[in-house]
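What follows is a set of notes on a single structure, which appears directly below.
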Amino acid sequence: MKNYDVVALGELLIDFTENGISGQGNPVYEANPGGAPCNVLAMLAKLGRKTAFIGKVGQDIFGNRLKAVLEEQGICTSGLVMDGEARTTLAFVETLPGGDRDFSFYRNPGADMLLREEELGEELLQSAGIFHFGTLSMTHEGVRSATRRAVAIARQSGALLSFDPNLRPPLWASLEEAREQVAYGLSQCHILKISDNELRWFTGEQDYDAGISRLRSQYDIPLILLSMGRDGSRAYSGRLRAEVPAFVQRGTVETTGAGDTFAACCLHHILEYGLEELTRERLVRMLTFANGAASIITTRKGALRVMPTGEEVEELIKQKSL
């Protein structure tokens, strides 16, 4: 038995999202807590899972606020390092027509980039049922080494490894460097959550099944989860393939956190059934629940503090099935 269902490592930051226009005609930005790994943990915590985060923020206004928010959400912060010199990373998010986003990051350096191997909460990693990571903690050498060390500790301790590339091109010196680090993540994980555009970028295949086939020819990944936005999602496990349409809602505001919410719900189901006992029916049930949760989060500003409850997700699924 593990003390924590899921431990995640990576970025914790402030997403400044547009929230109206001031009386002078200027855009007003709301400071939403964010960061993909913590979005995942927040949804899992909402579903009753025990979670913990490993990362670094600045000892500043935003860092202190972020730590308080994690604790408010029931996420263990014993692995969160507060840096007295570096500042907490900020991201300004522009919502495009249709709900997609464009990011401008203030991270040169941000505190999350400065996590070191010796600052890792090794006891948390050894206590994880699932260890979840992405590539934003691999954009620079110091935090990259910490991430790889964390992966090694979690693997040695018997954790399942969950990986989400979460590609953000502006944060990389080059896309070739990004490709190398994504390849590392693919070589390590048992569970891969990848978006349609990331799959096409990495494999060069326009057809999704062809892209997944290419990935599987190079990497041994037991479960691949493909998010396709308004087109729904797919899961690939052994010879099984499942596809479920999205729950498209009229009240969509933005898509921030939708992929993280989807990934968290899938991890919730893996914790329930494991990777060895997956059937097509269970994959369909998993994707349906995950799509429903992701759909709800697109109707809300931000993500980390407004994750839906399991009851809300089930109610949406029930309504849509009538």
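Using the working numbering, read the sequence shown as starting at 588 and increasing by one per residue.
C-beta: ideal position from N, C-alpha, C; glycine also.
On the criterion of 16 or more Cβ atoms from any shown chain inside 10 Å, does residue i qualify as buried, or is it exposed?
{"i": "R821", "result": "buried"}
{"i": "S714", "result": "buried"}
{"i": "E898", "result": "exposed"}
{"i": "Q805", "result": "exposed"}
{"i": "Q611", "result": "exposed"}
{"i": "A845", "result": "buried"}
{"i": "S724", "result": "buried"}
{"i": "L628", "result": "buried"}
{"i": "K633", "result": "buried"}
{"i": "G721", "result": "buried"}
{"i": "L599", "result": "buried"}
{"i": "D796", "result": "exposed"}
{"i": "P756", "result": "exposed"}
{"i": "E785", "result": "buried"}
{"i": "N878", "result": "buried"}
{"i": "L802", "result": "buried"}
{"i": "A873", "result": "Note on identity: in this sequence residue 873 is Met, with Ala being the wrong assignment. By the neighbour-count rule (16 or more Cβ atoms within 10 Å), M873 is buried."}
{"i": "G798", "result": "buried"}
{"i": "N753", "result": "buried"}
{"i": "I648", "result": "exposed"}
{"i": "G635", "result": "exposed"}
Relative to the alpha-carbon of residue i, which residue among the options has its alpha-carbon at the smallest distance?
{"i": "I601", "options": "G622, L707, M588, L903", "result": "G622"}
{"i": "C776", "options": "A877, D807, L599, A845", "result": "D807"}
{"i": "L810", "options": "G791, A850, F789", "result": "A850"}
{"i": "L631", "options": "P620, E705, G610, I717", "result": "I717"}
{"i": "F750", "options": "E864, I740, S761, V769", "result": "V769"}
{"i": "G917", "options": "T886, L711, N619, P752", "result": "Lying outside 588 to 909, the shown extent of the chain, residue 917 is not represented and no answer is given."}
{"i": "K654", "options": "T790, C625, L870", "result": "C625"}
{"i": "E605", "options": "N651, K905, K888", "result": "K888"}
{"i": "V917", "options": "Y771, V656, L862, R735", "result": "The requested residue 917 does not occur in the structure, where the chain is confined to residues 588 to 909."}
{"i": "S800", "options": "M815, G825, S814", "result": "G825"}
{"i": "T842", "options": "M815, Y823, E859", "result": "M815"}
{"i": "I778", "options": "L865, E728, Q793", "result": "L865"}
{"i": "A829", "options": "H855, L858, E728, E868", "result": "E868"}
{"i": "A746", "options": "V668, L854, G597, S609", "result": "L854"}
{"i": "A595", "options": "D847, L754, Y860, M588", "result": "D847"}
{"i": "E728", "options": "E767, L748, L754", "result": "E767"}
{"i": "Y823", "options": "N613, L862, T734", "result": "L862"}
{"i": "S761", "options": "T726, Y771, K907, S732", "result": "T726"}
{"i": "L891", "options": "V871, N613, N619", "result": "N619"}
{"i": "R742", "options": "H719, S732, D699", "result": "H719"}
Tell me which same chain residues have a C-beta within less than 7 angstroms of the C-beta of residue i, skipping the five on either side of it?
{"i": "G607", "result": "V615"}
{"i": "G708", "result": "I641, S665, G666"}
{"i": "R817", "result": "A833, V835"}
{"i": "E792", "result": "G798, R801"}
Excluding five sequence neighbours on each side, which residues of the same chain lie with their C-beta closer than 6 angstroms to the C-beta of residue i?
{"i": "E681", "result": "D689"}
{"i": "K637", "result": "Y591, D592"}
{"i": "F679", "result": "F603, S691"}
{"i": "L773", "result": "Y806"}
{"i": "P895", "result": "A880, I883"}
{"i": "A765", "result": "W759"}
{"i": "K780", "result": "D751, L812, A850"}
{"i": "E617", "result": "T604, N606"}
{"i": "S744", "result": "Q713"}
{"i": "H856", "result": "M873"}
Can you list, in chain order, the residues of its chain whose CB lies under 8 angstroms from that of residue i, leaving out five sequence neighbours each side?
{"i": "I740", "result": "L707, E709, L712, Q713"}
{"i": "E658", "result": "T664"}
{"i": "T875", "result": "V831, I904"}
{"i": "R736", "result": "E704, L707"}
{"i": "L701", "result": "K643, D670, A673, G729, V730"}
{"i": "V840", "result": "T682, G686, T885, T886, R887, K888"}
{"i": "D783", "result": "Y795, L813, S814, M815, G816, D818"}
Indicate, with yes or no, if the ligand COA has a heavy atom lying under 7 angstroms from the CB of residue i.
{"i": "E704", "result": "Looking at this structure, you won't find the ligand COA or any other ligand, since it has none at all."}
Problem - Three-pair Cβ contact test at 8 angstroms for the segment 688-696 versus the segment 642-662 - result: no
Practice task
Write down every uninterrupted run of the beta strand (DSSP E) in the segment 616-681 whose length is 3 residues or greater and which is fully enclosed by it, in chain order.
Solution key: 638-645, 662-670
Exercise for the section: Say whether the segment 833-847 touches the segment 668-678, bearing in mind that this needs 3 or more beta-carbon pairs closer than 8 angstroms, one atom from each stretch. Expected result: no
Practice task
Identify every run of the beta strand (DSSP E) within the segment 726-792, keeping only runs that are complete inside it and at least 3 residues long; order them along the chain.
Solution key: 747-751, 778-782
Practice task
Pick out the complete beta strand (DSSP E) segments inside the segment 815-903, 3 residues or longer, and give them in chain order.
Solution key: 820-824, 827-831
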